[in-house]
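Peer 1:
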Amino acid sequence: INEVIARAQAKKRGVKIEDKRVNSALERMAKGSNTTVAGFEKSLKRKGISMSTLRAQVEATLYLRWVIGQQDKTKVDVTEAEVDKRYSKITSDPRLKPVHIYKIREIDLPVVVNPNDAMGPQLLQARAIEASQIAKKYNGCNTLRSASKGIFNVKISRTIQAPADKMPAQMKKVLKKAGTKKLIGPMRVKTGVRMIAFCGTATLKPPKPTREAIKNMLLNEKYERRTGRVMKDLRRRAFIEYKDKSAVVTQ
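Using the working numbering, you'd call the opening residue of the sequence shown number 114 and step up by one each time.
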């Protein structure tokens, strides 16, 4: 409703938001995300959002801001102190703290054993022998594929990033003892036989927002608050105009 009213108000005044203004707004958004417009578009596609959809949203926002500017001449701005305060609040979030992780991969050799199958133990033993063959050829996580080549139905997981603070102490001890050049196992699991590869540790540092991004965030919040006040009044006036017109009876 707000967008419809804003476009109607602009049309009455003969105002048209030009493409170059939309482009400039998109460039600022991309800069706030530490990328280019092309990079920003790729990021949107990964999230299932098209650039045409975003352009339409940006254009609607610019129409709204034009209407707000006509109704309320107060300049919307953000001070450095406001940016500092919000930046401090965001960066103090525990979720943005560096996280120490253990990188591991699981190597599974599936075995389907029926409860009444007399061959069950032999099948498990055969898979355990195959697992040992993989272990002999293994020389680091980057050799998992080559080490398991020629062995039927080997499933290698993607790298699992396990937070160090949530990992049992005994598991850490086992991983460190094995190191990155030896596999842990084989061991019996519900699905068959499994080994574990320790690929090392790492510290993940979540990206912190830029000051430009925070400034844009604060500006948008201020615009939204002012938009709420102004559009509420415009909607009321539009409703009154509609009622006045609908009350006219032609003879």
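Glycine included, every Cβ here is placed at the ideal spot set by N, Cα and C.
#1: Tell me the start and end of each unbroken alpha helix (DSSP H) in the segment 181-250 that is at least 4 residues and wholly inside, in chain order.
#2: Starting from F153, follow the alpha helix (DSSP H) in both directions and report where the run begins and ends.
#3: Taking DSSP's pairing of strands, which residues face P276 in a bridge?
#4: What would DSSP say about R301, mapped onto helix, strand or coil?
#5: Taking the alpha carbon of R218 as the point to measure from, which residue in G145, K155, F311 has its own alpha carbon closest?
#6: I need the DSSP call for V306, collapsed to helix, strand or coil.
#7: So which of S261, C254, V267 has the shortest CA-CA distance to I273?
#8: If you draw a straight line from the alpha carbon of S163 to that of A169, how long is it in whole angstroms?
#9: Secondary structure at I327, three-state DSSP: helix, strand or coil?
#10: Could you tell me whether the segment 282-291 touches the segment 233-246, where touching means 3 or more Cβ pairs closer than 8 Å?
#11: Is DSSP giving T314 helix, strand or coil here?
#12: Take I297 as the anchor and find which of T340, K249, R338, I264 has the nearest alpha-carbon.
#13: In terms of alpha-carbon separation, which member of G263, T323, R339 lies closest to S201?
#14: For a test of the three-state rule: what should DSSP assign to K125, helix, strand or coil?
#15: Using DSSP's beta-bridge definition, name the partner residues of L296.
#16: If you pair each beta-carbon of the segment 300-309 with each one of the segment 328-335, do three or more pairs fall below 8 Å?
#17: Looking at C-alpha atoms only, which residue of S146, I269, I247, W179 is the closest neighbour of A260?
#18: Could you check if F153 is buried or exposed, using at least 16 other CB atoms within 10 Å of its CB as the buried criterion?
#19: Note the first and the last residue of the continuous alpha helix (DSSP H) segment covering G145.
#20: Examine the Cβ distances between the segment 205-215 and the segment 311-321 and report whether three or more of them are shorter than 8 Å.
#21: Which one or two residues does DSSP pair with K269 in a beta bridge?
#22: Would the beta-carbon of L317 fall within 8 Å of that of P211?
#23: Please classify V171 as buried or exposed, where buried requires at least 16 neighbouring CB atoms within 10 angstroms.
Peer 2: The short version:
#1: 193-204, 233-250
#2: Working through the sequence shown from its first residue, we reach residue 153 at position 40. Looking at the DSSP string, the run of the alpha helix (DSSP H) that includes F153 is 150-159.
#3: Taking the first residue of the sequence shown as position 1, residue 276 is located at position 163. Beta-bridge annotation (DSSP): P276 is paired with I214.
#4: Counting from one through the sequence shown, the residue named residue 301 turns up at place 188. Residue state, collapsed to three classes: strand.
#5: To locate residue 218, count along the sequence shown from 1; it is residue 105. Residue F311 is the option with its Cα nearest to R218.
#6: For the purposes of this step, residue 306 is taken as residue 193 along the sequence shown, with counting starting at 1. In the structure shown, V306 sits in a strand (DSSP, three-state: E or B).
#7: Start at 1 with the first residue of the sequence shown, and residue 273 comes out as number 160. Of S261, C254, V267, the residue nearest in Cα terms is C254.
#8: Here residue 163 is taken as the residue at index 50 of the sequence shown, counted from 1. Here residue 169 is taken as the residue at index 56 of the sequence shown, counted from 1. One C-alpha to the other measures close to 10 Å.
#9: Within the sequence shown, the letter at position 214 stands for residue 327. Looking at I327 - three-state DSSP - the assignment turns out to be helix.
#10: No, they do not touch.
#11: Against the sequence shown, residue 314 aligns to sequence position 201. It is a strand residue.
#12: Within the sequence shown, residue 297 is the residue found at index 184, counting from 1. Answer by Cα proximity: K249.
#13: Looking up residue 201 in the sequence shown gives position 88. Measuring from the Cα of S201, the nearest candidate turns out to be T323.
#14: Your numbering for residue 125 matches position 12 in the sequence shown. DSSP places K125 in helix when its eight states are reduced to three.
#15: Translated into positions along the sequence shown, residue 296 becomes position 183. L296 pairs with A310.
#16: no
#17: Looking up residue 260 in the sequence shown gives position 147. Closest by alpha carbon: I247.
#18: The residue given as residue 153 occupies position 40 in the sequence shown. It counts as buried.
#19: Reading the sequence shown from its first residue, position 32 is the one you call residue 145. Taken as a continuous stretch (DSSP letters only), the alpha helix (DSSP H) holding G145 covers 132-145.
#20: Counting Cβ pairs under 8 Å, three or more are found: they touch.
#21: Locating residue 269 in the sequence shown gives position 156, counting from the first residue. This sequence places Ile at residue 269; Lys is not what is there. Paired residue(s): I220.
#22: Mapped onto the sequence shown, residue 317 falls at position 204. Mapped onto the sequence shown, residue 211 falls at position 98. In this structure, P211 lies closer than 8 Å to L317 by Cβ.
#23: As a working note, residue 171 is residue 58 in the sequence shown. Classification of V171: buried, given that the 10 Å Cβ count is 16 or more.
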